[in-house]
Amino acid sequence: MRVLLVGAGGVGTAFTRIAARRPFFEAMVVADHDPARAEAAVAALAGDERFRAERVDAGDESAVAALLARHRCDVLMNATDPRFVMPLFRAARSAGATYVDMAMSLSRPHPDRPYEECGVRLGDAQFAESDDWAAAGALALVGMGVEPGLSDVFARYAADELFDEIDEIGVRDGANLTVEGHDFAPSFNIWTTIEECLNPPVVYEADRGWFTTAPFSEPEVFDFPEGIGPVECVNVEHEEVLLVPRWVKARRVTFKYGLGGEFIETLKTLHRLGLDRTAPVTVPGPDGPVPVSPRDVVAACLPDPATLGALMHGKTCAGTWVRGVKDGTPREVYLYHVVDNQWSMAEYGSQAVVWQTAVNPVVALELLATGAWSGTGVLGPEAFPARPFLDLLTEYGSPWGQREQ
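Here the sequence shown stands for residues 139 to 543, where the numbers follow our numbering.
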């Protein structure tokens with residue numbers, strides 16, 4: 139396997155550090171629009187000759203396809219933010235490469251009823267091309283991070299091994315992370331965080347299909363394991379709700395994120411001020427008017443999440459809560475994966491949230507390389523058997539847990 143990794147930010151850099159310990163691939167090209175970031179990621183790998191750095195504009199399909207061809211890469215691993223999903227997705231298809239991402243093509247709210255009906259859903263643009271990928275015998279594995287990704291694997295595992303009937307699958311994400319010296323310092327890409335938190339959340343019900351609610355709806359307190367404890371969680375737009383029902387039968391699917399009141403109020407304020415917008419506004423510059431995206435300005439004003447590891451303390455938990463019936467008896471379980479920031483920093487030099495996101499696509503690539511996972515078309519993690527993934531994740535030194543509720 140020869141891999142082109144596009145994106146050398148926090149998640150991309152963690153991806154290289156995890157992959158460097160595994161023998162399943164022959165070469166990995168680490169590409170970024172900022173060549174210094176790609177070079178730094180490669181330089182940190184102690185002379186592993188399988189890695190090399192390149193510069194590429196993730197939005198330039200022809201340049202990405204040319205890079206795939208030049209290095210004979212048969213896999214494109216997308217570690218950029220969701221704005222670049224479609225150009226990279228198309229570049230992989232034109233080059234005949236397998237495509238893997240951790241977030242799917244962007245949604246667009248319904249123009250008239252944004253908090254009742256879906257407009258363009260997450261992943262719609264990719265799934266619209268699934269038949270073409272399948273006809274070509276090609277695979278696009280979409281949503282293969284931690285959430286979406288591992289959370290979807292948990293849903294498939296629950297359906298295969300733990301339940302006869304499933305009433306509800308609810309992804310629940312929470313943490314007790316703190317960052318020294320910062321009142322507001324998101325531990326993940328703020329561009330993506332704003333996108334998923336301020337868009338209308340999607341809920342799935344079997345007798346209704348997909349529909350939307352208002353942001354931060356249906357608050358609940360969820361008790362997270364391994365000392366994290368109770369965290370208030372709210373509905374947030376996320377890929378799992380769009381992915382799980384395609385392969386796993388459940389009466390209801392939700393995603394709720396433990397944001398905390400202060401974080402929610404900050405996001406609401408950004409929205410009231412129009413600072414969540416992506417369309418450029420014109421501001422004065424030294425050489426005349428300059429168009430800038432308000433959301434890009436917010437991102438530039440905040441610390442890079444990849445640099446916060448040494449200041450972070452606590453744990454992060456990603457998991458899937460499932461309620462249903464097994465052997466005629468009601469059952470409720472929480473399948474989860476916890477990463478302690480102190481451990482991930484000591485072991486890999488990567489903060490917990492980006493490390494937890496990065497480990498799952500590395501596991502997925504190894505399963506594709508060995509043939510344990512295979513398929514054609516545009517597929518989510520639920521389309522593959524869960525047990526090989528969970529066993530390999532444990533072999534990577536990062537075990538998962540199961541708690542009866």
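Positions of the beta carbon are idealized from the N, C-alpha and C atoms, including for glycine.
Considering only C-alpha positions, which residue in the set 387, 360, 386 and 391 is nearest to residue 339? To locate residue 339, count along the sequence shown from 1; it is residue 201. Of the listed residues, the one whose Cα sits closest to residue 339 is 391.
Taking the continuous beta strand (DSSP E) assigned at residue 478, which residues delimit it? Residue numbering aside, residue 478 sits at position 340 when the sequence shown is read from its first letter. Looking at the DSSP string, the run of the beta strand (DSSP E) that includes residue 478 is 467-478.
Check residue 494 in the structure and name its three-state DSSP category. Walking along the sequence shown from the start, residue 494 turns up at place 356. Residue state, collapsed to three classes: helix.
Whole-angstrom distance between residue 204 and residue 384, CA atom to CA atom: On the sequence shown, position 246 is the one that residue 384 refers to. On the sequence shown, position 66 is the one that residue 204 refers to. If you take the alpha carbons of residue 384 and residue 204, they lie about 34 Å apart.
Is residue 456 near residue 291, with beta carbons less than 8 Å apart? As a first step, residue 456 must be located in the sequence shown, where it is residue number 318. As a first step, residue 291 must be located in the sequence shown, where it is residue number 153. Not a contact, by the Cβ cut-off of 8 Å.
Count the other CB atoms within 10 Å of the CB of residue 312; is the residue buried (16 or more) or exposed (fewer)? For the purposes of this step, residue 312 is taken as the residue at position 174 of the sequence shown. Classification for residue 312: buried.
Can you list, in chain order, the residues of its chain with a C-beta nearer than 6 Å to that of residue 348? Leave out the 5 residues immediately preceding and following it. By 1-based counting over the sequence shown, the position of residue 348 is 210. Same-chain partners within the cutoff: 256, 340 and 342.
Coil, strand or helix - residue 406 by DSSP: Your numbering for residue 406 matches position 268 in the sequence shown. Residue 406 falls in the helix class under three-state DSSP.
Does the beta-carbon of residue 302 have 16 or more other beta-carbons within 10 angstroms, so that it is buried, or is it exposed? Counting from 1 along the sequence shown, the entry for residue 302 is found at position 164. Label assigned to residue 302: exposed.
Do residue 516 and residue 278 come within 8 Å of each other at the CB atom, strictly closer than that value? Along the sequence shown, one-based indexing puts residue 278 at 140. Along the sequence shown, one-based indexing puts residue 516 at 378. Contact flag set, yes.
What are the boundary residues of the alpha helix (DSSP H) that residue 173 is part of? Translated into positions along the sequence shown, residue 173 becomes position 35. Taken as a continuous stretch (DSSP letters only), the alpha helix (DSSP H) holding residue 173 covers 173-181.
Unbroken alpha helix (DSSP H) run spanning residue 271, endpoints: For the purposes of this step, residue 271 is taken as the residue at position 133 of the sequence shown. In the DSSP assignment, residue 271 falls within the alpha helix (DSSP H) that extends over 268-273.
Enumerated in chain order, which unbroken segments of the beta strand (DSSP E) with a length of 3 residues or greater are wholly contained in the segment 218-287? 236-239 and 277-279
Determine the contact status of residue 146 and residue 179, defining contact as a CB-CB distance below 8 Å. Translated into positions along the sequence shown, residue 146 becomes position 8. Translated into positions along the sequence shown, residue 179 becomes position 41. Cβ distance < 8 Å, so residue 146 and residue 179 count as in contact.
My output table needs one value for residue 207: the three-state DSSP class, helix, strand or coil. By one-based count along the sequence shown, residue 207 stands at place 69. Three-state DSSP puts residue 207 in a helix.
Could you check the C-alpha separation between residue 543 and residue 461 for me, to the nearest Å? For the purposes of this step, residue 543 is taken as residue 405 along the sequence shown, with counting starting at 1. For the purposes of this step, residue 461 is taken as residue 323 along the sequence shown, with counting starting at 1. Spanning the two alpha carbons is a distance of roughly 9 Å.
Rounded C-beta distance between residue 323 and residue 411? I'm assuming under 8 Å. Counting from 1 along the sequence shown, the entry for residue 323 is found at position 185. Counting from 1 along the sequence shown, the entry for residue 411 is found at position 273. That belief does not hold up - the Cβ atoms of residue 323 and residue 411 are roughly 19 Å apart, past 8 Å.
Three-state secondary structure (DSSP) at residue 296? In the sequence shown, residue 296 corresponds to position 158, counting from 1. The answer is helix: DSSP assigns residue 296 an H, G or I state.
Within the chosen definition, does the segment 262-279 reach the segment 484-498 through at least 3 CB pairs nearer than 8 Å? no
Boundaries (first-last residue) of the beta strand (DSSP E) holding residue 390: Residue mapping note: residue 390 aligns to position 252 of the sequence shown, counting from 1. From DSSP, the beta strand (DSSP E) with residue 390 extends over 390-395.
Cα-Cα separation between residue 408 and residue 327, rounded to whole angstroms: Indexing the sequence shown from 1 puts residue 408 at position 270. Indexing the sequence shown from 1 puts residue 327 at position 189. Between residue 408 and residue 327, the C-alpha separation is close to 15 Å.
Cβ shell of residue 540 (< 7 Å), same chain only, five flanking positions each side left out: Along the sequence shown, read from residue 1 onward, the residue named residue 540 stands at position 402. Correct list, in chain order: 471 and 473.
Return the residue from the list 225, 172 and 177 that minimises the CA-CA distance to residue 197. Start at 1 with the first residue of the sequence shown, and residue 197 comes out as number 59. Nearest of 225, 172 and 177 to residue 197, Cα basis: 225.
Select from 519, 331, 168 and 507 the residue whose C-alpha is nearest the C-alpha of residue 375. Locating residue 375 in the sequence shown gives position 237, counting from the first residue. Among 519, 331, 168 and 507, the Cα nearest to that of residue 375 belongs to 331.
Relative to the C-alpha of residue 544, which candidate in 484, 186 and 219 has its C-alpha closest? Residue 544 cannot be examined here, being either before or after the span of the chain that is shown, 139 to 543.
Under 8 Å, do residue 358 and residue 394 count as touching if we go by C-beta distance? Reading the sequence shown from its first residue, position 220 is the one you call residue 358. Reading the sequence shown from its first residue, position 256 is the one you call residue 394. Contact: yes.
Segment limits, beta strand (DSSP E) that includes residue 360: Taking the first residue of the sequence shown as 1, we reach residue 360 at position 222. It spans 358-362 - the beta strand (DSSP E) in which residue 360 sits, taken as one unbroken run.
What's the call for residue 451, buried or exposed, on a 16-neighbour Cβ count within 10 Å? Mapped onto the sequence shown, residue 451 falls at position 313. Exposed, because fewer than 16 other Cβ atoms sit within 10 Å of the Cβ of residue 451.
Looking at the strands, I want to know which residues DSSP matches up with residue 313. Counting from 1 along the sequence shown, the entry for residue 313 is found at position 175. In the DSSP secondary-structure assignment, residue 313 is bridged to 454.
Look at the alpha carbon of residue 286 and the alpha carbon of residue 388, and state the distance between them as a whole number of angstroms. To locate residue 286, count along the sequence shown from 1; it is residue 148. To locate residue 388, count along the sequence shown from 1; it is residue 250. Those two C-alpha atoms are separated by around 17 Å.
If distances are taken between C-alpha atoms only, which option among 161, 162 and 140 comes closest to residue 168? Along the sequence shown, one-based indexing puts residue 168 at 30. Answer by Cα proximity: 140.
Beta-ladder partner(s) of residue 191, from DSSP: In the sequence shown, residue 191 corresponds to position 53, counting from 1. Paired residues: 168.
Where DSSP assigns a beta bridge to residue 215, which residues make up the other side? Here residue 215 refers to the residue found at position 77 when the sequence shown is read from its first residue. Per DSSP, 143 and 238.
Please classify residue 269 as buried or exposed, where buried requires at least 16 other C-beta atoms within 10 Å of its C-beta. On the sequence shown, residue 269 is found 131 positions in, with the first residue counted as 1. Per the 10 Å Cβ criterion, exposed.
Give me, in chain order, the residues of the same chain whose beta-carbon lies closer than 8 Å to that of residue 368; leave out the 5 immediate sequence neighbours on both sides. Within the sequence shown, numbered from 1, the residue matching residue 368 stands at position 230. Result list for residue 368: 359, 360, 361 and 362, in chain order.
Three-state secondary structure (DSSP) at residue 202? Along the sequence shown, read from residue 1 onward, the residue named residue 202 stands at position 64. Three-state DSSP puts residue 202 in a helix.
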